[in-house]
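Residue numbers (my numbering), protein chains in the order written: chain A, 89 to 205; chain B, 43 to 156.
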């Protein structure tokens, strides 16, 4: 059973370009989470999605960032008009279910390292 | 709000030394607490967890006890190995609505020399 897959592992963009980060959850997992890790900082929650639904996007910047998890295919984190401050490691995690208020273990991918020149 | 503070790194030890990585938290209610480990080039893996006060999580020789009175969840191992070299993250999850959202500390890089 393959783990959480993220691609690309490394992405270089120039200021003003768009960045698309992909995440394929583990088989049987229908919940996806995105976290961002800025240099020398811990991971910060960005967004939580289920298939075709955004459940919690309280950690997403208000502009330029969007996320989706379509019925078919991977989850996509999209950053438009990237700036140097977007340079970070972006981690995706997935979990099998969400039952009310209980915590379900999140399985993390290897991350995408975004560098904005 | 909820937050996690970890011992600053990097930490360098010799093989078979005793390890402690401090972690304290601020949270409303009674969060669940976790330690994650990240080996070079890989994603984060859950190392251990504790869901209520006085619980002790343990795995691979690592232990951490949920101390409500000191709001701490320090990671310990009696005898470290070179293969334990990694970055360690302390984290909590909120109770109730938003329980799926993990709050992480900044991470502690551990290097074990032979």
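Glycine included, each C-beta is placed from N, C-alpha and C at the ideal position.
Please read these numbers as outputs of a predicted model, since none were measured by experiment.
- Annotation for residue 63(B): 49, 117, 130, 150 place their beta carbon closer than 6 Å to its own, counting only its chain and skipping 5 residues before and after.
- A direct Cα-to-Cα measurement between residue 83(B) and residue 98(A) gives close to 11 Å.
- In terms of Cβ geometry, residue 119(B) and residue 99(B) do not form a close pair [threshold 9 Å].
- Annotation: the continuous beta strand (DSSP E) that includes residue 80(B) extends over 74-80.
- Counted as a single uninterrupted DSSP element, the beta strand (DSSP E) harbouring residue 141(A) occupies residues 141-144.
- For residue 199(A), no beta strand (DSSP E) encloses it, and the DSSP letter there is neither H nor E.
- Rounded to the nearest angstrom, the gap between the Cα atoms of residue 96(B) and residue 120(A) is 31 Å.
- The CB of residue 95(A) never comes closer than 7 Å to any CB in chain B; the least such distance is about 13 Å.
- Under the DSSP definition of a beta bridge, residue 99(B) partners with 106(B).
- Rounded to whole angstroms, the gap between the alpha carbons of residue 178(A) and residue 110(B) is 32 Å.
- Short of 8 Å from the beta carbon of residue 87(B), and not among the five residues preceding or following it, lie these beta carbons of its own chain, in chain order: 78, 79, 80, 81.
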